[in-house]
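Accompanying notes for the structure given below.
Protein chains: 2
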Amino acid sequence: MTDLPDIADELPPDRSLGFQVRRCHRAFDRVLNAQLAREGLASGFWYFLRALWQENGATQKRLAQLNNVTEPTAVAMLRAMDGLGLIERVRNAEDRRKVNVFLTPRGEALRGALTPHARRINAVAGEGVSARDLETCLRVLKKMSDNLAAEAARLADAPLR
Amino acid sequence: MTDLPDIADELPPDRSLGFQVRRCHRAFDRVLNAQLAREGLASGFWYFLRALWQENGATQKRLAQLNNVTEPTAVAMLRAMDGLGLIERVRNAEDRRKVNVFLTPRGEALRGALTPHARRINAVAGEGVSARDLETCLRVLKKMSDNLAAEAARLADAPLR
DNA sequence: CGATCAGACTTAGATAGCTAAGTATTTTAT
DNA sequence: ATAAAATACTTAGCTATCTAAGTCTGATCG
Numbered sequence: 003m004t005d006l007p008d009i010a011d012e013l014p015p016d017r018s019l020g021f022q023v024r025r026c027h028r029a030f031d032r033v034l035n036a037q038l039a040r041e042g043l044a045s046g047f048w049y050f051l052r053a054l055w056q057e058n059g060a061t062q063k064r065l066a067q068l069n070n071v072t073e074p075t076a077v078a079m080l081r082a083m084d085g086l087g088l089i090e091r092v093r094n095a096e097d098r099r100k101v102n103v104f105l106t107p108r109g110e111a112l113r114g115a116l117t118p119h120a121r122r123i124n125a126v127a128g129e130g131v132s133a134r135d136l137e138t139c140l141r142v143l144k145k146m147s148d149n150l151a152a153e154a155a156r157l158a159d160a161p162l163r
Numbered sequence: 003m004t005d006l007p008d009i010a011d012e013l014p015p016d017r018s019l020g021f022q023v024r025r026c027h028r029a030f031d032r033v034l035n036a037q038l039a040r041e042g043l044a045s046g047f048w049y050f051l052r053a054l055w056q057e058n059g060a061t062q063k064r065l066a067q068l069n070n071v072t073e074p075t076a077v078a079m080l081r082a083m084d085g086l087g088l089i090e091r092v093r094n095a096e097d098r099r100k101v102n103v104f105l106t107p108r109g110e111a112l113r114g115a116l117t118p119h120a121r122r123i124n125a126v127a128g129e130g131v132s133a134r135d136l137e138t139c140l141r142v143l144k145k146m147s148d149n150l151a152a153e154a155a156r157l158a159d160a161p162l163r
């Protein structure tokens, strides 16, 4: 029992991927919010708008999946966006359980204004980091997300343990 | 105007660090919550407990900084933890603006139960990734956090733009 | 055909984060 | 010495997320 294991047991924030991902997420979110506020938008809209620019007419479930949020979160967000006239929700005629979401001209128009912000934020974040290291980070983040999603599913399956 | 520039302009989620950090954060958070729920705790407590295990007696402001949350968030969390008997808050006698936060025996005792979970979650996340790539990711995440924090400060300083 | 199961959306209520503004205390600068 | 500024905490109220449970619609199976 030297003192080194003790230090290791503490799992200091600097050495914890979970902590650093959390910190980085909040940093991104703050800047994104600051930028969107200048366009008069709340930050939550961004992710849904982007999904719709790629897949206009997607169902709410699909949009939730694309954004990695739950369906109630998507419902709340889309209702707010509907209220602002950014999107329209239309009940699907063939399968009346579904609701398809379409951009209004106003929602479509935000694309030109917002995309440069997103590109800029990513550029600022990556300043001083080599392209190669950024690629590695991107790849590791995806892998970790997948690993953790699998673990979450495992935990949900095993009710007691 | 070929079709390639268009694709690039879309900044697809797969290529966006902001998006991947967000997704990874949510994945970590879900697993952490699932684990803590088994100990009867809400996930927000984890970060404050860990900070106190390292710096028992820290002020609320210090705890907020250590966790990268705002002071109101810290206040709310610490009040809840106080209510559960995990911590005690004592007004500082020398500078009565400050409140020092101390772990109760009960809060101290959670350390043994919770730390293994955190270590395990980090281990699961990093499965199948080389130690070297994990180091790179850690380093890039810290750098991006710093870059974005500086940008946030810049944006706050420049009220109009 | 009818009952049950599954799917997509919704509602209700909780949690954790934020900003903006307020209070009490200490420090700084006339 | 006192007015002004800064600091630490708090309050109030908003946003985005979650889980659990409910409603309607469609699919399956005896």
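Chains as they are written, first to last, in the working numbering: chain A, 3 to 163; chain B, 3 to 163. We put the beta carbon where it would ideally sit given N, CA and C, even for glycine. Bear in mind the structure is a predicted one, so any value in this text is a computation, not a measurement.
query	result
8 Å is my cut-off, CB to CB: does Lys-63 of chain A come that close to chain B?	no
Beta-carbon of Ile-123 of chain A versus every beta-carbon of chain B: anything under 8 Å?	yes
Pull up the distance between the alpha-carbon of Arg-28 of chain A and that of Glu-73 of chain A, whole angstroms please.	22 Å
Express the C-alpha separation of Arg-24 of chain A and Leu-18 of chain A in angstroms, rounding to a whole number.	At residue 18 of chain A the sequence reads Ser, which differs from the Leu that was named. Cα to Cα, the separation comes out at about 10 Å.
Cβ atoms of Leu-157 of chain A and Val-77 of chain B: under 8 Å apart, would you say?	no
Nearest by alpha-carbon distance to Glu-96 of chain B: which of B:Leu-88, B:Thr-61, B:Glu-90, B:Ala-82 is it?	B:Thr-61
Any beta carbon of chain A sitting closer than 8 Å to that of Ala-154 of chain B?	yes
Checking contacts by CB at 8 Å: is Gly-20 of chain B closer than that to chain A?	yes
So which residues of chain B does Gly-130 of chain A contact, with C-beta pairs closer than 8 Å?	Lys-145, Asn-149
For a contact meaning CB atoms closer than 7 Å, what does Arg-108 of chain B contact in chain A?	Ordered by position in chain A, no residue passes the 7 Å Cβ test against Arg-108 of chain B, which lies about 20 Å from the chain.
Determine whether the Cβ of Val-23 of chain B lies closer than 8 Å to any Cβ atom of chain A.	yes
Can Gly-87 of chain A and Thr-106 of chain A be called in contact, C-beta distance under 8 Å?	yes
So that I know if they touch, is there some Cβ in chain B lying closer than 8 Å to that of His-27 of chain A?	yes
Check this for me: beta carbons of Val-103 of chain A and Gly-59 of chain A, under 8 Å apart or not?	yes
Any beta carbon from chain A within less than 8 Å of Thr-138 of chain B's own beta carbon?	yes
Rounded to the nearest angstrom, what separates Arg-52 of chain A and Gly-42 of chain A at their Cα positions?	17 Å
Identify whether Lys-144 of chain A lies in helix, strand or coil by the three-state DSSP scheme.	helix
Could you tell me which of A:Leu-13, A:Phe-21, A:Phe-30 sits nearest to Ala-154 of chain B, measuring between CA atoms?	A:Phe-30
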